[in-house]
Amino acid sequence: MSSKDSLNKHFLFPGTIFADPLAYQISTVLGSCVAVCLWDQVMRRGGMNHMMLPFWNGEGLATPKYGNIAMEKLLAKMLSIGCHREHLVAKVFGGANVSGTGLEVFMIGDRNITLAFQMLEEFRIPVVAKDIAGQVGRKIVMNTGTGVVLVGKGRMAALAERR
266 MSSKDSLNKH FLFPGTIFAD PLAYQISTVL GSCVAVCLWD QVMRRGGMNH MMLPFWNGEG
326 LATPKYGNIA MEKLLAKMLS IGCHREHLVA KVFGGANVSG TGLEVFMIGD RNITLAFQML
386 EEFRIPVVAK DIAGQVGRKI VMNTGTGVVL VGKGRMAALA ERR
(Lines of atoms letter the chains of each structure in order from A and count residues from 1; the text may use other names and numbers.)
(Lines give C-alpha, C1' and ligand atoms only; values in the text may rest on other atoms or scores of the structure.)
Protein backbone atom coordinates (compact mmCIF):
# COMPACT_ATOMS: atom_id res chain seq x y z
CA MET A 1 0.00 0.00 0.00
CA SER A 2 1.45 3.37 -0.99
CA SER A 3 1.49 6.32 1.41
CA LYS A 4 -1.09 8.03 -0.83
CA ASP A 5 -3.51 5.15 -0.29
CA SER A 6 -3.06 5.20 3.49
CA LEU A 7 -4.09 8.85 3.89
CA ASN A 8 -7.44 9.70 5.41
CA LYS A 9 -9.66 11.13 2.67
CA HIS A 10 -12.19 13.95 2.76
CA PHE A 11 -14.28 15.37 -0.09
CA LEU A 12 -14.90 19.07 0.52
CA PHE A 13 -18.39 20.10 -0.52
CA PRO A 14 -19.13 23.66 -1.71
CA GLY A 15 -19.65 26.08 1.14
CA THR A 16 -17.62 24.13 3.70
CA ILE A 17 -14.18 24.11 5.33
CA PHE A 18 -11.95 21.30 6.58
CA ALA A 19 -8.80 21.15 8.71
CA ASP A 20 -7.59 18.40 11.01
CA PRO A 21 -4.39 17.68 12.96
CA LEU A 22 -4.11 14.33 11.14
CA ALA A 23 -2.87 14.12 7.56
CA TYR A 24 -5.71 14.02 5.03
CA GLN A 25 -6.16 14.01 1.30
CA ILE A 26 -8.78 16.71 0.72
CA SER A 27 -10.36 16.94 -2.72
CA THR A 28 -12.91 19.30 -4.24
CA VAL A 29 -14.18 20.41 -7.64
CA LEU A 30 -14.29 24.09 -8.58
CA GLY A 31 -15.91 26.19 -11.29
CA SER A 32 -16.47 29.82 -10.31
CA CYS A 33 -15.91 28.82 -6.68
CA VAL A 34 -12.52 29.41 -5.06
CA ALA A 35 -10.64 27.13 -2.68
CA VAL A 36 -7.93 28.48 -0.41
CA CYS A 37 -5.51 25.92 1.00
CA LEU A 38 -3.65 26.94 4.14
CA TRP A 39 -0.60 25.02 5.30
CA ASP A 40 1.52 25.41 8.41
CA GLN A 41 5.10 24.75 7.30
CA VAL A 42 6.29 23.98 10.85
CA MET A 43 3.38 21.95 12.26
CA ARG A 44 2.86 20.29 8.84
CA ARG A 45 -0.91 20.64 9.01
CA GLY A 46 -3.29 21.96 6.44
CA GLY A 47 -6.84 22.87 5.63
CA MET A 48 -9.05 24.09 2.84
CA ASN A 49 -12.20 26.09 2.24
CA HIS A 50 -14.59 26.09 -0.73
CA MET A 51 -16.25 29.48 -1.12
CA MET A 52 -19.14 29.97 -3.51
CA LEU A 53 -19.86 33.70 -3.28
CA PRO A 54 -17.61 36.55 -2.14
CA PHE A 55 -19.58 38.28 0.64
CA TRP A 56 -22.23 37.49 3.21
CA ASN A 57 -24.74 40.35 3.13
CA GLY A 58 -25.80 40.01 6.77
CA GLU A 59 -29.03 38.17 6.00
CA GLY A 60 -29.55 34.51 6.84
CA LEU A 61 -26.80 32.33 8.26
CA ALA A 62 -23.16 33.43 8.08
CA THR A 63 -21.90 30.18 6.51
CA PRO A 64 -18.62 29.34 4.73
CA LYS A 65 -20.61 29.52 1.49
CA TYR A 66 -19.49 33.14 1.57
CA GLY A 67 -15.82 33.96 1.07
CA ASN A 68 -15.45 36.45 3.91
CA ILE A 69 -16.92 33.90 6.34
CA ALA A 70 -15.01 30.93 4.82
CA MET A 71 -11.67 32.72 5.14
CA GLU A 72 -12.25 33.68 8.79
CA LYS A 73 -13.51 30.21 9.74
CA LEU A 74 -10.63 28.42 8.01
CA LEU A 75 -8.04 30.59 9.74
CA ALA A 76 -9.76 30.06 13.11
CA LYS A 77 -9.89 26.29 12.55
CA MET A 78 -6.19 26.18 11.61
CA LEU A 79 -5.28 28.08 14.78
CA SER A 80 -7.53 25.77 16.85
CA ILE A 81 -5.58 22.69 15.67
CA GLY A 82 -2.27 24.16 16.81
CA CYS A 83 -1.09 26.07 13.74
CA HIS A 84 0.55 29.49 14.02
CA ARG A 85 -0.39 32.35 11.71
CA GLU A 86 3.26 33.29 11.11
CA HIS A 87 3.98 29.79 9.76
CA LEU A 88 1.02 29.68 7.37
CA VAL A 89 1.25 29.88 3.59
CA ALA A 90 -1.64 29.88 1.13
CA LYS A 91 -2.40 28.34 -2.24
CA VAL A 92 -5.42 29.67 -4.16
CA PHE A 93 -7.39 27.81 -6.84
CA GLY A 94 -10.47 28.25 -9.01
CA GLY A 95 -12.49 31.30 -9.84
CA ALA A 96 -13.15 30.36 -13.45
CA ASN A 97 -15.77 32.25 -15.41
CA VAL A 98 -17.23 29.09 -16.90
CA SER A 99 -19.38 29.97 -19.90
CA GLY A 100 -22.80 28.41 -20.13
CA THR A 101 -23.45 28.52 -16.37
CA GLY A 102 -25.23 31.86 -16.39
CA LEU A 103 -22.91 33.07 -13.64
CA GLU A 104 -20.25 34.38 -16.00
CA VAL A 105 -22.14 37.67 -16.47
CA PHE A 106 -21.80 38.34 -12.74
CA MET A 107 -18.05 37.62 -12.81
CA ILE A 108 -18.46 35.55 -9.62
CA GLY A 109 -15.11 33.82 -10.24
CA ASP A 110 -13.23 37.12 -10.46
CA ARG A 111 -14.98 38.48 -7.37
CA ASN A 112 -14.18 35.31 -5.37
CA ILE A 113 -10.50 35.57 -6.38
CA THR A 114 -10.31 39.23 -5.38
CA LEU A 115 -11.87 38.51 -1.99
CA ALA A 116 -9.48 35.61 -1.29
CA PHE A 117 -6.37 37.65 -2.07
CA GLN A 118 -7.61 40.69 -0.11
CA MET A 119 -8.29 38.63 3.01
CA LEU A 120 -4.98 36.75 2.77
CA GLU A 121 -3.23 40.12 2.58
CA GLU A 122 -5.19 41.32 5.64
CA PHE A 123 -4.22 38.10 7.48
CA ARG A 124 -0.59 38.62 6.34
CA ILE A 125 -0.47 35.10 4.91
CA PRO A 126 1.72 34.84 1.79
CA VAL A 127 0.37 33.19 -1.36
CA VAL A 128 2.99 30.70 -2.57
CA ALA A 129 1.01 29.12 -5.43
CA LYS A 130 -2.12 29.80 -7.46
CA ASP A 131 -4.05 28.44 -10.40
CA ILE A 132 -6.93 30.87 -10.89
CA ALA A 133 -9.37 32.37 -13.38
CA GLY A 134 -9.74 31.19 -16.96
CA GLN A 135 -12.80 29.46 -18.38
CA VAL A 136 -12.48 25.84 -17.21
CA GLY A 137 -13.21 24.08 -13.96
CA ARG A 138 -10.65 22.33 -11.79
CA LYS A 139 -10.38 19.39 -9.45
CA ILE A 140 -7.86 19.91 -6.67
CA VAL A 141 -6.40 17.43 -4.23
CA MET A 142 -4.41 18.60 -1.19
CA ASN A 143 -2.20 16.45 1.01
CA THR A 144 -2.45 18.24 4.36
CA GLY A 145 0.67 16.50 5.68
CA THR A 146 2.94 17.79 2.90
CA GLY A 147 1.10 20.88 1.65
CA VAL A 148 1.23 19.54 -1.93
CA VAL A 149 -1.81 20.39 -4.07
CA LEU A 150 -2.49 18.64 -7.38
CA VAL A 151 -4.69 20.32 -10.01
CA GLY A 152 -6.67 18.79 -12.88
CA LYS A 153 -8.37 21.15 -15.34
CA GLY A 154 -11.29 21.10 -17.71
CA ARG A 155 -12.29 17.71 -19.07
CA MET A 156 -9.65 15.94 -16.94
CA ALA A 157 -11.23 17.37 -13.77
CA ALA A 158 -14.67 16.17 -14.89
CA LEU A 159 -13.34 12.67 -15.70
CA ALA A 160 -11.52 12.41 -12.38
CA GLU A 161 -14.72 13.30 -10.52
CA ARG A 162 -16.68 10.48 -12.19
CA ARG A 163 -14.29 7.82 -10.90
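Read left to right, the sequence shown gives residues 266 to 428 (our numbering). For glycine and all other residues, C-beta sits at the position ideal for the given N, C-alpha and C. Keep in mind it's a predicted model, so treat the numbers as computed, not measured.
inquiry  = Whole angstroms are fine: how far does the CA of GLY325 sit from the CA of LYS342?
reply    = Residue numbering aside, residue 342 sits at position 77 when the sequence shown is read from its first letter. Residue numbering aside, residue 325 sits at position 60 when the sequence shown is read from its first letter. Our two residues, LYS342 and GLY325, have alpha carbons roughly 22 Å apart in a direct line.
Local conformation of ILE390 per DSSP, three classes = Walking along the sequence shown from the start, residue 390 turns up at place 125. Coil, per DSSP.
key: THR411 versus TRP304, ALA398, PRO279 and SER297, residue with shortest Cα-Cα distance   = Taking the sequence shown and counting its residues from 1, one reaches residue 411 at position 146. With distances taken between CA atoms, THR411 lies nearest to TRP304 out of TRP304, ALA398, PRO279 and SER297.
Contact under 7 Å by Cβ, ALA361 with GLY399 = The residue labelled residue 361 in the question sits at position 96 within the sequence shown. The residue labelled residue 399 in the question sits at position 134 within the sequence shown. Yes; because the gap between Cβ atoms is below 7 Å, this pair is in contact.
key: GLY312 versus SER297 - alpha carbon distance   = Residue mapping note: residue 312 aligns to position 47 of the sequence shown, counting from 1. Residue mapping note: residue 297 aligns to position 32 of the sequence shown, counting from 1. Going by the C-alpha atoms only, they are around 20 Å apart.
ask   = Which whole-angstrom value describes the C-beta separation of PRO461 and LEU380, a residue pair presumed to lie in contact below a C-beta threshold of 8 Å?
value = No statement about residue 461 is possible, as the shown extent of the chain runs from 266 to 428 and does not include it.
inquiry  = Quick check on DSSP: helix, strand or coil for LYS342?
reply    = What you label residue 342 is simply residue 77 of the sequence shown in a count that begins at 1. Of the three classes helix, strand and coil, the one that applies to LYS342 here is helix, per DSSP.
Residues near ILE291 by beta carbon distance below 6 Å, same chain, minus five either side = Translated into the one-based positions of the sequence shown, residue 291 becomes position 26. The answer, listed in chain order, is HIS275, LEU277, PHE283, MET313 and MET407.
key: alpha helix (DSSP H) segments (min. 4 residues) lying fully within the region 266-319   = Entirely contained in the region 266-319, the alpha helix (DSSP H) runs reaching 4 residues are, in chain order, 268-271.
query = Do the CB positions of VAL307 and HIS352 come within less than 7 Å of each other?
reply = Residue 307 sits at position 42 when you count from the first residue of the sequence shown. Residue 352 sits at position 87 when you count from the first residue of the sequence shown. In this structure, VAL307 sits near HIS352, with a CB-CB distance shorter than 7 Å.
request  = Please say whether ALA300 and GLY359 have beta carbons closer to each other than 7 Å?
outcome  = Locating residue 359 in the sequence shown gives position 94, where the first residue counts as 1. Locating residue 300 in the sequence shown gives position 35, where the first residue counts as 1. The answer is yes: Cβ separation under 7 Å.
message = Please tell me whether LYS395 and VAL357 are closer than 7 Å, where the distance is taken between their beta carbons.
response = Start at 1 with the first residue of the sequence shown, and residue 395 comes out as number 130. Start at 1 with the first residue of the sequence shown, and residue 357 comes out as number 92. Taking 7 Å as the Cβ cut-off, LYS395 and VAL357 qualify as a contacting pair.
key: Residues near PRO286 in its chain [Cβ-Cβ closer than 7 Å; skip 5 each side]   = The sequence position of residue 286 within the sequence shown is 21, counting from 1. Within the same chain, PRO286 has close Cβ partners ARG310, ILE346 and GLY347.
key: 7 Å Cβ shell around GLY280 - same chain, five flanking residues per side excluded   = To locate residue 280, count along the sequence shown from 1; it is residue 15. Cβ within range, chain order: HIS315, MET317, THR328, PRO329 and LYS330.
message = Taking the alpha-carbon of LEU415 as reference, which of SER271, THR293, ASN273 and LEU272 has the nearest alpha-carbon?
response = Along the sequence shown, read from residue 1 onward, the residue named residue 415 stands at position 150. Distances from the CA of LEU415 to each of SER271, THR293, ASN273 and LEU272 were compared; the closest alpha carbon is that of THR293.
query = Alpha carbon to alpha carbon, how far is ILE390 from SER271?
reply = One-based indexing of the sequence shown puts residue 390 at position 125. One-based indexing of the sequence shown puts residue 271 at position 6. Here the alpha carbon of ILE390 sits roughly 30 Å from the alpha carbon of SER271.
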